[in-house]
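In my numbering, the protein residues as written are 231 to 566. All C-beta atoms in this analysis are idealised placements derived from N, C-alpha and C, irrespective of residue type, glycine included.
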C-alpha cells in the first residue's frame, strides 16, 4: 500500500499509540485520520520500522490514536498479542497507560473473535493477550483501579467479556489473596474472557432485544453456555477450568439457574465468581431498552433482589472492590 493508493472500500479500526513498541517492525500499515475531512491518510507503510523519532513526532502532534485497515487485522492482532508482554513489563510506562493498552488491545481481539468464534488463531491471540493482563493485575498495585476506570458502559458482547474479566479477576485476587499460587490465574482469565463465547452464534436481535424475550427467544439464549462449550471442544481449547466457567456461569445458588439447575457447592467456585461479575456488568452498561445503573444502585439491586442467586461471601468481597476504588467513603453501604 503506497501513498496516493485508492482507499475506497477500506474500513479502519483505531488503536492506542502506546500499543506500538519502539524499534519493532510493524507488519501492517498505519494511518492517521484528518481532523476536518475524516479521511484516512497513510502515515507508514507495511513492514516499516517504528522508531523513537516516529513516536516522538506523533506525540509532539498530540496524536494518541492511529488507524489500521481491517484487512490487516490478522497481522495487527498477531503483533499486539505478542508485544503486550513488553507493555506490561515496561518500567517507563505508567500504570494508566498500560491499562489503556491492555483494555483496548484485548477488546479489539475479542471484537474480532466474536465475529469468527471458531478461528483457533484468534482464540490463541485472545488467550495470549489476557495472560499478560493477568500479570499486570496481579503485580501492579494500581492496575485494578486503572482498569476499572476504563470499563465501557456501552454494551457489546465483546466489551462485556473484557469488563467481566477485569471484575472477576479483581474479585479472585481478593478471594484468593492468601493462596494466589494455588490457582492458575491465566486459566481463570481465559475462562472469564470466553464465558459468553456461545453468544457469538446467537442472533444480535435476540441479545439486544428490547424487553422480555418470548419463549422461543429465551430457549435459544439459554443455550449459549452449551454452545460455548462445544466451540471450545471443536477448537481443542477446552479444559476443566474453562468448561466450568463457560458452562456454569448462569447457574444460581438457589438452583434456579441454567443449563442444569445445580445449586450451591455443586457450582464451581470459579463460575460463582464469574456470575457476580457477569450480572454487575450487565446492569451497569447501556442497553437499548434501559439506562445503566450506577455502581451503588447495581450493588444494592443485586443485594435486595438477587441475594439468593450468588455466593454471599463472594458478594461481600465484590462490594469491597468498589470501596477501595472510591476516593471517599460510600455514604450508604449496600451490604449493611
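Same chain, Cβ closer than 6 Å to residue i, five either side skipped, listed in chain order
| i | result |
| --- | --- |
| residue 234 | Note that residue 234 scores 39 on pLDDT, short of 50, meaning its location in the model is unreliable; the coordinates nonetheless yield the value given after this. Cβ within range, chain order: n/a, list empty. |
| residue 471 | 417, 421 |
| residue 316 | 251 |
| residue 494 | 483 |
| residue 181 | The question about residue 181 has no answer here: the residues shown for the chain are numbered 231 through 566. |
| residue 302 | 258 |
| residue 487 | 480, 481 |
| residue 406 | 413 |
| residue 244 | 295, 297 |
| residue 344 | 387, 388, 430 |
Nearest residue (CA-CA) to residue i, options the options
| i | options | result |
| --- | --- | --- |
| residue 293 | 325, 417, 260 | 260 |
| residue 387 | 412, 347, 358 | 347 |
| residue 425 | 364, 478, 519, 482 | 478 |
| residue 297 | 361, 271, 285 | 271 |
| residue 497 | 253, 338, 445, 540 | 540 |
| residue 433 | 251, 452, 529, 243 | 452 |
| residue 393 | 487, 423, 314, 488 | 423 |
| residue 323 | 370, 459, 410 | 370 |
| residue 398 | 415, 287, 253, 384 | 415 |
| residue 459 | 413, 431, 516, 264 | 431 |
| residue 318 | 240, 308, 345, 361 | 361 |
| residue 264 | 485, 291, 279 | 291 |
Residue i and residue j closer than 8 Å at C-beta
| i | j | result |
| --- | --- | --- |
| residue 552 | residue 531 | no |
| residue 329 | residue 249 | no |
| residue 339 | residue 356 | yes |
| residue 455 | residue 499 | no |
| residue 427 | residue 476 | yes |
| residue 372 | residue 325 | yes |
| residue 359 | residue 314 | yes |
| residue 519 | residue 441 | yes |
Neighbourhood of residue i by C-beta, 7 Å cutoff - its chain only, sequence neighbours within 5 removed
| i | result |
| --- | --- |
| residue 396 | 377, 378, 381 |
| residue 447 | 436, 439 |
| residue 327 | 248 |
| residue 242 | 261, 270, 297, 298, 299, 300 |
| residue 465 | 348, 350, 353 |
| residue 457 | 428, 431 |
Contacts around residue i, its chain only, beta-carbon distance under 8 Å, and the 5 residues preceding and following it disregarded
| i | result |
| --- | --- |
| residue 401 | 503, 506, 507, 544, 547, 548, 551 |
| residue 246 | 294, 295, 330, 331, 334, 335 |
| residue 337 | 382, 388, 389, 392 |
| residue 288 | 247, 296 |
| residue 443 | 436, 451 |
| residue 469 | 417 |
| residue 473 | 459, 462 |
CB-CB length for residue i against residue j, believed under 8 Å
| i | j | result |
| --- | --- | --- |
| residue 352 | residue 342 | 6 Å |
| residue 274 | residue 256 | 7 Å |
| residue 253 | residue 281 | 7 Å |
DSSP bridge partner residues for residue i (one or two, in chain order)
| i | result |
| --- | --- |
| residue 520 | 517 |
| residue 245 | 296 |
| residue 315 | Residue 315 pairs with nothing; no bridge assigned. |
| residue 261 | 272, 297 |
| residue 254 | 280 |
| residue 574 | The first residue shown for the chain is 231 and the last is 566, placing residue 574 beyond what the model contains. |
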